[in-house]
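One structure is given below, encoded as structure tokens.
Residue numbers (the working numbering): 662 to 898.
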């Protein structure tokens with residue numbers, strides 16, 4: 662955390678991430694997953710988990726979380742993916758980003774008139790004009806950036822890891838608590854995304870023989886941190 666500005670922005674997101682809201686979304690999430698698995702089964706062998714599930718479920722859930730109207734979701738995701746697709750040229754991403762921003766600002770204007778039950782509606786209902794359009798737009802972009810591709814990768818790689826270790830599947834099948842621990846362990850083991858994480862030191866800190874001064878930039882390797890033997894006794898297992 663980096664108060665006071667970071668704290669202020671985090672507080673504005675609180676209404677959209679309450680326990681009650683997450684519990685209210687659970688039936689929708691379960692139905693989305695069930696529908697995608699049914700589609701994959703109906704498509705026959707070989708099963709394509711990535712196309713039918715990993716690439717479809719996160720976007721659908723995030724649209725529900727944000728409050729994107731259901732009729733708009735295909736367009737919303739198309740604009741979002743075009744904007745965030747690192748394989749596209751900078752110019753094409755910029756053009757897509759402008760179109761995505763226009764859509765988001767129009768959606769925010771609608772939510773200001775009639776706040777819905779999604780993230781944007783909850784923040785608008787709680788903070789009104791104290792939450793600026795640019796802040797709300799930024800919230801949407803960050804939620805999609807953090808939760809779409811990363812979760813897609815996590816689903817695909819997580820299932821692959823389980824298939825390679827079927828004894829682990831047997832260990833948590835039918836046990837919700839064990840399944841939750843398995844998810845936590847997969848997050849550590851896979852550490853999606855792999856990209857370096859930039860940070861700025863808030864105070865002087867010494868790591869080994871290296872002194873990092875307050876205000877200096879550092880690049881953190883989350884996969885390396887999650888495979889630190891001081892964290893878990895057998896990190897590669």
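Cβ atoms here follow ideal geometry from the backbone N, Cα and C, with glycine treated the same way. Predicted model only: the values in this text are computed from it and were never measured.
In the DSSP assignment, what are the bridge partners of residue i?
i, result
"residue 867", "872"
"residue 879", "860"
For residue i, does the three-state DSSP call read helix, strand or coil?
i, result
"residue 860", "strand"
"residue 718", "helix"
"residue 793", "coil"
"residue 710", "helix"
"residue 740", "helix"
"residue 750", "coil"
"residue 891", "coil"
"residue 675", "helix"
"residue 667", "helix"
"residue 699", "helix"
"residue 776", "coil"
So residue i and residue j are supposed to be a Cβ contact under 8 Å. How far apart are they, rounded?
i, j, result
"residue 817", "residue 891", "Between residue 891 and residue 817 the Cβ distance is about 29 Å, and since that is not below 8 Å, they are no contact."
"residue 693", "residue 722", "6 Å"
"residue 676", "residue 756", "Contact doesn't hold; Cβ gap of about 33 Å is too wide."
"residue 850", "residue 822", "7 Å"
"residue 855", "residue 896", "Contact flag wrong, Cβ pair sits at about 15 Å."
"residue 717", "residue 685", "Rounded, the Cβ-Cβ distance is 21 Å, inconsistent with contact."
"residue 745", "residue 806", "6 Å"
"residue 673", "residue 770", "Not confirmed; about 18 Å, so no contact."
"residue 796", "residue 670", "7 Å"
"residue 809", "residue 719", "5 Å"
"residue 713", "residue 724", "With 8 Å as the limit, residue 713 and residue 724 do not qualify as a contact, their Cβ atoms being about 17 Å apart."
Take residue i and list the residues in its own chain whose beta-carbon comes closer than 7 Å to its own, dropping the five residues that flank it on each side.
i, result
"residue 934", "No statement about residue 934 is possible, as the shown extent of the chain runs from 662 to 898 and does not include it."
"residue 711", "817"
Skipping 5 residues on each side, what residues in its chain have a beta carbon closer than 6 Å to that of residue i?
i, result
"residue 814", "853"
"residue 819", "847"
"residue 758", "744"
"residue 857", "880"
"residue 772", "781, 782 and 785"
"residue 887", "849 and 852"
Residues in the same chain with beta-carbon distance under 8 Å from residue i, minus the five sequence neighbours each way, listed in chain order, please.
i, result
"residue 873", "862, 865, 866, 867 and 879"
Legend entry - Segment contact flag, the segment 753 to 764 with the segment 724 to 743, C-beta cutoff 8 Å, min 3 pairs: yes
Inset, instruction - Specify whether the segment 839 to 846 and the segment 790 to 808 touch according to this definition: at least 3 beta carbon pairs, one from each stretch, less than 8 Å apart. - result: no
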